[in-house]
Each structure stands twice: as C-alpha cells, then as structure tokens.
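Residue numbers (the numbering used here), protein chains in the order written: chain A, 78 to 261; chain B, 78 to 261.
Even glycine gets a Cβ: it sits at the ideal position worked out from N, Cα and C.
Down below is the structure, laid out as structure tokens.
Laid out in structure tokens, this is it:
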C-alpha cells in the first residue's frame, strides 16, 4: 500500500484512544510487568511503552518533519533517545501518561494538518543519522508503523504474563512465539 | 503471574473497546488487507480477525467452560472452527462486527460472573480434543491470551501494509520481523 496522508492520519488519530481503552484502570500486574531480561537486556512494560510513545511525540516525529522541511538533507536528525522514558518519575500514574500521550498526539496532528503538505513535500529528503537519506513520506509512514510495533510489543508483553497460566495452550498462541522484538 | 479471575476479566472487558477505538471508521485499505499468502496459506485481515473473535464468543470460551463444569473430563470439547468467519457475509460492515463482538463479550462476561466460580472450580479439569487434560483456569487464561494474540496479529497485519512505505526504517521495526504467527 502506497503512503497516503489521510490514511496515515486515520491510524495516528486512533492509537491514543485504543491504548486508553486497553490500559486505563488495568491492575498493575498487567501494566507494570515486563518480559524479564532477554539476552541480558532489560525489557519494557506497558507503562514503559506508553512513556516511550510520549517521548516520540515530544522529540521525534514532528520535530524531524520540520527538520526535513526547513533544512532538507543538510542537517541530520538528532538521535532518538530510546530510553528517555526511564528518566521520568516512575510514580506517575499510567492514567496521567495516557492523558499526556493523547494531548501531545492531538497537538502534533493539528500541527501536521497546518503544514498543508503537498505530494511534492512528501518526497522531500532528510538525513537520518544512521539510515542515511529518507523522505518525509517515509518518516510519516514510520510514525504509523511505530505505533503498530509498540501495540504489537504491548500485546506480547501482556500475553507473556500468562505464559504459564495457559498451560498446554501455549503451543497454539502465536504471540508467545514472537521473535519480532523492536529495536525502537 | 498466576491466574486470577478478576485480573483476567479486567482484560477481557477492555478488548472490545480497544479494537473499536482502533478500527471503527478506518479506511478499508487498512481493515480489509491481509499479509498475502504465507507458505501457501491465506492470511487474515483486521476484518477477518474481528470475525474470528466473534466466533470464539459464540462457540468456544464459555461453551467450553460449561462443558468442564457439567461433564468434567468425560466429554471432550468440540473442535474450534478457525475458519468459520469466512462463511459469514463478507459485505457486513466492520462496524456491525465490532458491535456484535462487544455485545457477545459483555453477555459472556455476565454469564461468567453468574457462575460465581470458586478457587476449586478453577482447578476442575476438562478434555481438549488435541491437547488432552486442561483446567478451567487454563481455559480462562487462554481466553485472555487469545485476545492478545489477535491484537498482536492485527498490529502486524496493519504494519505489513506499510512495509514498503517506511523505506529504510523497516530495519528498526520489530513488528515487520515477527514470526509469531498464531495457530489459532
């Protein structure tokens, strides 16, 4: 499927409410548990994932879109800090994080709308610090796919908590065999 | 995490609204597209997944719980028809499927509540036609994990549509490397 701004925004608009409906008020056993240590790496809980999505709204997507529009390939993007959420106050309730994510996403989508991007704008190029040349449409498609990769991660993290509880059914549950762990 | 009925119901209660927030009104390009043919097997769209969840509410979870409570291990469960949703009218709008899923789930959770299950009930055993002996708590934990495996699948199916559109970012997106395909 080709990138289409309206279709991309349709997903971006829906993510906060979908996460809210799934997570708000859930017991901490679901939202604060992670997948343990995998290959010596600390894994993320649902709470950590929402924190990470907030960092993306603050420092990544629209910030990078503006870098492309204002500087093109001349100025590489700043590196995205994948661990910034762990420096936030861990005592903040998940409900406050969900509110924050919804507000920031709505603000960013208003700002995106206000850019009135043309098909030519979507082909404009920028420089990713590791990946090299990318286009604005690739950046915006990645914003969508990044929501989906973390929804994917979130469902896996939650299912992991019932790995033992499901007994022999674990053989049938694809989510318990997932190796698609995100690099961010 | 040990199985706990209240915690399980907390997830089961939230799934319909979360899927509704994500999918209702989304363009068909997102909801009617699948992952193509994988190893000669037809894959599922978001629409097909919601249809499958409806079949589960109708024929699997509470039906099997009652078989355990009424017949124990003496009567094996009926086989779950993983393809039943493909015999439904494909012209039915996704919104109607989401309504249906929400209604059936609410009815099933009311029925579950009415059973007033004790810790002893949760240890009662039944017979799965392929997996052999299972307990009621394993069945109910699987109901939860089954929601999560299909949320996991759904996010992967949607992300797949942007596999090309994200350009070089595909290397960073775990959802595009997932091999945890569900057997049901």
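Taking C-beta pairs closer than 7 Å, name the residues in chain B that residue i reaches, listed in chain order.
i             : result
residue 221/A : 239
residue 110/A : 78
Please compile the residues from chain A whose C-beta is within a distance smaller than 8 Å of the C-beta of residue i.
i             : result
residue 104/B : 83, 84, 87
Count the other CB atoms, across all protein chains shown, that sit within 10 Å of the CB of residue i; report buried if there are 16 or more and exposed otherwise.
i             : result
residue 197/B : exposed
residue 112/B : buried
residue 93/A  : buried
residue 155/B : exposed
residue 160/A : exposed
residue 116/A : exposed
residue 122/A : buried
residue 226/B : buried
residue 134/B : buried
residue 191/B : exposed
residue 185/A : buried
residue 137/A : buried
residue 173/B : exposed
residue 180/A : exposed
residue 188/B : exposed
Determine the chain B residues that contact residue i at a beta-carbon separation under 9 Å, and present them in chain order.
i             : result
residue 91/A  : 98, 99, 100, 101, 102, 103
residue 175/A : Ordered by position in chain B, no residue passes the 9 Å Cβ test against residue 175/A, which lies about 12 Å from the chain.
Does DSSP put residue i in a helix, a strand or coil?
i             : result
residue 122/A : coil
residue 232/B : helix
residue 172/A : helix
residue 202/A : strand
residue 83/A  : helix
residue 108/A : helix
residue 134/A : helix
residue 256/A : coil
residue 211/B : strand
Under 8 Å by Cβ, that's how I've got residue i and residue j pegged, so tell me the actual separation to the nearest angstrom.
i             : j             : result
residue 205/B : residue 167/B : At roughly 30 Å, the Cβ-Cβ gap does not stay under 8 Å, so residue 205/B and residue 167/B are not in contact.
residue 84/A  : residue 107/B : 7 Å
residue 142/A : residue 216/A : 6 Å
residue 130/A : residue 201/A : Not quite, the Cβ-Cβ distance comes to about 25 Å (not below 8 Å), so this is no contact.
residue 242/A : residue 214/B : 7 Å
residue 222/A : residue 234/B : Not really, about 12 Å apart at Cβ, beyond 8 Å.
residue 178/B : residue 127/B : 6 Å
residue 203/A : residue 140/A : Not really, about 11 Å apart at Cβ, beyond 8 Å.
residue 262/A : residue 228/B : Residue 262/A lies beyond the range of chain A shown here (78 to 261); nothing can be said about it.
Using a C-beta to C-beta distance shorter than 8 Å, which residues of chain B count as neighbours of residue i?
i             : result
residue 80/A  : 239, 242
residue 211/A : 244, 245, 246
residue 202/A : Per Cβ cutoff of 8 Å: no residues; residue 202/A is ~11 Å from chain B at best.
Run through chain A and tell me which residues come within less than 7 Å of residue i, C-beta to C-beta.
i             : result
residue 196/B : Those within 7 Å of residue 196/B in chain A number zero; the least Cβ separation is about 14 Å.
residue 120/B : Within chain A, no residue comes near residue 120/B; the closest Cβ sits about 12 Å away, beyond 7 Å.
residue 95/B  : 95, 98, 99
So, does the CB of residue i fall closer than 7 Å to a CB anywhere in chain A?
i             : result
residue 215/B : yes
residue 139/B : no
residue 199/B : no
residue 161/B : no
residue 151/B : no
residue 218/B : yes
residue 208/B : yes
Does the CB of residue i have a neighbour CB from chain B at under 7 Å?
i             : result
residue 129/A : no
residue 234/A : no
residue 171/A : no
residue 146/A : no
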